[in-house]
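Engineer:
There are 2 protein chains.
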Amino acid sequence: MKNRRLFWRIVQGIETSIKSGEYTVGSRLPAERELAEKFNVSRPTIREAIIALEVRGQVEVKTGSGVYVIESASLESNVVNAFELTQARALIEGEVAALAALSINDDELEALSETLDMMEKNQDSDSIEEADKLFHKIISTATRNEAMILSVKNLWSLRASTREIIEDYKNVCSSDNKLTLKEHTAIYLALKEKDAAKARLAMHQHFNRLINTLFDAIESKALAEVQRKNNEKRDLYSLESLVKSK
Amino acid sequence: MKNRRLFWRIVQGIETSIKSGEYTVGSRLPAERELAEKFNVSRPTIREAIIALEVRGQVEVKTGSGVYVIESASLESNVVNAFELTQARALIEGEVAALAALSINDDELEALSETLDMMEKNQDSDSIEEADKLFHKIISTATRNEAMILSVKNLWSLRASTREIIEDYKNVCSSDNKLTLKEHTAIYLALKEKDAAKARLAMHQHFNRLINTLFDAIESKALAEVQRKNNEKRDLYSLESLVKSK
DNA sequence: TTTATTTTATTGGTATTACCACTGTTTTTT
DNA sequence: AAAAAACAGTGGTAATACCAATAAAATAAA
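Just so you know, the sequences run in chain order A and B. So the mapping is simple: my numbering equals the position in the first sequence, first residue as 1, plus 194. So the mapping is simple: my numbering equals the position in the second sequence, first residue as 1, plus 194.
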């Protein structure tokens, strides 16, 4: 997890300065020579950091003028909370399951079955998360649709990107891993029957339970004010209004 | 469109070398000093290019050892064809429409209506594409779910990333823009009624027609051998087997 | 001979310096 | 007052040197 190379430290430093508002959107960063002095590194190192920021789409470099902070720079990732992510996963992976039911093969079914065993035998949270990840990955692969696979992958990296979400998920999964196993099994059976509608439904139920557990987990540790907001949102993120209208 | 800064040329050069198979996946790139000589630039410039490639996730740098090509580096973009993309958009944006139906407001409905006008009045393909893009973007925004919005955005950038897909889409959209307008209107009306199921269905029908048009367009210009393959795939990408099972 | 250790060459990591090209401002000229 | 020229500041690139980590080769030990 350590940033070995020096320029990553600079990237991090500049990023936090952008987030904190020290360098406002659209404004110019200090000159490379100044930044070099400020961070006590050489100018090439500063340049490397700026290029990394540029490739990430956070700054824009104008020759002869300066380095400017792009608008929609930093904020994007943090606005996604665990509920939004879970709802998105429910809807997208629901369709993924339905699609996979039509084209999954015996090898993949076998691989799915193994992840169930893995989840049943190992009780440590790392192994469970590993099995969980593999389970969903196998199903997305079974769709034979690279665009769907990429979408699922993007959602997963979104989950991994935010510390807050990681925390929330960890609490939920490790506590109720028996439920998770049960739901995974239901999905597996639906896929085995090649029943698209049933697979979609099972996937929805899996995530719907996850959403409710998330709410309970957060409520149990949250302040009263937060509770109010969540109760208002509970309807918003619930799948039930969507499911019933089918 | 020109790559002003020198290191972008190097990035491009190395990328094409990776794609062409000159540098195979997992293998080591030539040393920085060699690359500098090969491209006739200085070593710092090579380093900048490598950092850009690293941030993009195409290579991995191991201190003291070398620069290695990441596995999933080159292939991703090209394996997604127009059919896969359209199927994925159908399924995901179908759910997006259903979700949006529950939370869309009057301002957004008004904005949607304007895109319909725009598409009706302007007949040039650029304006139509602009209106199309805006239409789908407004709906995704109406979900109030950043993860869904991001997913739609990712699919759009996937569309823009592959020249082949752009070509295919351009043929379809400009030829049948009256159909597109009609289908967009149906989606709009369903959203106005706040009918999630109807919105999803309308979105599915929109993309299902697109898939079929894509097949026809490609068949009309393709060779006999390609035709055979496509006919086999037609079932695979069709939504009908999914829709009927609901 | 096999294994462990040391040496050595190679590679990336960083710093320093210098000079160029581009940009925006200031000053000078018209 | 407007246009042109000079200037200072910025990023762009190059060259060089030395450091640190790695991996391969040579050596020593078993």
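We put the beta carbon where it would ideally sit given N, CA and C, even for glycine.
Counting C-beta neighbours from all protein chains within 10 Å, is the total for B/Q281 16 or more, i.e. buried, or is it exposed?
Structural biologist: Counting the other Cβ atoms within 10 Å of the Cβ of B/Q281 gives 16 or more, which makes it buried.
Engineer: Can you list, in chain order, the residues of the region 274 to 287 of chain A whose Cβ is nearer than 7 angstroms to any Cβ on chain B?
Structural biologist: V274, E278, L279, Q281, A282, L285, I286
Engineer: Tell me whether B/D326 is buried or exposed, calling it buried when 16 or more other Cβ atoms sit within 10 Å of its Cβ.
Structural biologist: With 16 or more other Cβ atoms from the protein chains shown falling within 10 Å of its own Cβ, B/D326 counts as buried.
Engineer: Nearest to B/I322 by alpha carbon, out of B/G288, B/N275, B/D370, B/K256?
Structural biologist: B/D370
Engineer: What does B/S345 touch in chain A if you count any residue whose Cβ is under 8 angstroms from its own?
Structural biologist: A282, I286, S345, N348, L349
Engineer: By alpha-carbon positions, which one of B/G288, B/L408, B/I244, B/N402 ends up nearest to B/R227?
Structural biologist: Selected option, being the one with the closest Cα: B/I244.
Engineer: According to DSSP, simplified to helix, strand and coil, what is B/V253?
Structural biologist: strand
Engineer: For A/R283, which residues from the same chain have a beta carbon less than 7 angstroms from its beta carbon, with the 5 sequence-adjacent residues on both sides left out?
Structural biologist: L349, F401
Engineer: Out of curiosity, what's the CA-to-CA distance linking A/A416 and A/R353?
Structural biologist: Because A/A416 carries a pLDDT of 46, less than 50, the predicted location of this residue cannot be relied on, and the following value inherits that uncertainty. C-alpha of A/A416 to C-alpha of A/R353: approximately 21 angstroms in a straight line.
Engineer: Is there a Cβ of chain B sitting closer than 8 angstroms to that of A/V249, yes or no?
Structural biologist: It does; some Cβ of chain B falls within 8 angstroms.
Engineer: Could you tell me the distance, in whole angstroms, from the CA atom of B/S271 to the CA atom of B/S355?
Structural biologist: For B/S271, the pLDDT reaches just 48, beneath the cut-off of 50, and the residue's location in the model is therefore unreliable, although a value from the coordinates is still provided. Cα to Cα, the separation comes out at about 7 angstroms.
Engineer: Taking B/R198 as the query, report the chain A residues whose CB atoms sit under 8 angstroms from its CB, ordered along the chain.
Structural biologist: T257
Engineer: At which residues does the alpha helix (DSSP H) containing A/Y382 begin and terminate?
Structural biologist: 371 to 386
Engineer: Just the Cα atoms here: how many angstroms apart are B/N406 and B/A396?
Structural biologist: 16 angstroms
Engineer: To which residues of the same chain is A/L247 closer than 7 angstroms at the C-beta, ignoring the five residues directly before and after it?
Structural biologist: V205, I208, V253
Engineer: Please classify A/E231 as buried or exposed, where buried requires at least 16 neighbouring CB atoms within 10 angstroms.
Structural biologist: It counts as exposed.
Engineer: Where B/A305 and B/E287 are concerned, what is the direct C-alpha to C-alpha distance, given to the nearest angstrom?
Structural biologist: Here the alpha carbon of B/A305 sits roughly 18 angstroms from the alpha carbon of B/E287.
Engineer: Determine, for A/N339, whether the minimum Cβ-Cβ distance to residues of chain B falls below 8 angstroms.
Structural biologist: With respect to chain B, the C-beta atom of A/N339 has a partner C-beta closer than 8 angstroms.
Engineer: For B/A295, which residues from the same chain have a beta carbon less than 7 angstroms from its beta carbon, with the 5 sequence-adjacent residues on both sides left out?
Structural biologist: So the list reads A384, L385, K388, D389, A390, A393, once near-sequence residues are dropped.
Engineer: Below 8 angstroms on the Cβ atoms is my contact criterion, and I expect A/S334 with A/Y382 to pass it. Report the Cβ-Cβ distance as a whole number of Å.
Structural biologist: About 14 angstroms separates the two Cβ atoms, so there is no contact after all.
Engineer: Is it buried or exposed, B/R198, if we count other Cβ atoms within 10 angstroms and call 16 or more buried?
Structural biologist: Classification for B/R198: exposed.
Engineer: Could you give the DSSP three-state label for A/R338: helix, strand or coil?
Structural biologist: coil
Engineer: Excluding sequence positions up to five away, which residues of its chain have a Cβ less than 8 angstroms from the Cβ of B/G215?
Structural biologist: none
Engineer: Straight-line CA distance for A/L269 to A/S351?
Structural biologist: For A/L269, the pLDDT reaches just 49, beneath the cut-off of 50, and the residue's location in the model is therefore unreliable, leaving the point undetermined.
Engineer: When the Cα atoms are used, what is the spatial distance from B/R338 to B/S297?
Structural biologist: 7 angstroms
Engineer: Considering only DSSP beta bridges, list what B/R353 is partnered with.
Structural biologist: Answer is none; B/R353 lacks a bridge partner.
Engineer: Along chain A, in chain order, which residues have C-beta atoms closer than 7 angstroms to that of B/A246?
Structural biologist: Those are I245, V249, listed as they occur along chain A.
Engineer: So with Cβ pairs under 8 angstroms, would you call A/M397 a contact of chain B?
Structural biologist: no
Engineer: Grab the span of the beta strand (DSSP E) containing B/V263 for me, first residue to last.
Structural biologist: 260 to 263
Engineer: Can you find a CB in chain A that lies within less than 8 angstroms of the CB of B/P224?
Structural biologist: no
Engineer: Can you tell me the Cα-Cα spacing of B/R237 and A/T239, whole angstroms?
Structural biologist: 13 angstroms
Engineer: Does the CB of B/E304 have a neighbour CB from chain A at under 8 angstroms?
Structural biologist: no
Engineer: Among the candidates A/A336, A/E314, A/T218, whose CA atom is the shortest distance from the CA of A/Y262?
Structural biologist: Answer by Cα proximity: A/T218.
Engineer: In three-state terms, what does DSSP make of A/R222?
Structural biologist: strand
Engineer: Indicate whether A/V249 and B/R250 have their beta-carbon atoms separated by less than 8 angstroms.
Structural biologist: Going by C-beta atoms, A/V249 is nearer than 8 angstroms to B/R250.
Engineer: Out of B/L375, B/L404, B/I343, which one is the CA nearest neighbour of B/M313?
Structural biologist: When only C-alpha atoms are compared, the closest one is B/L375.
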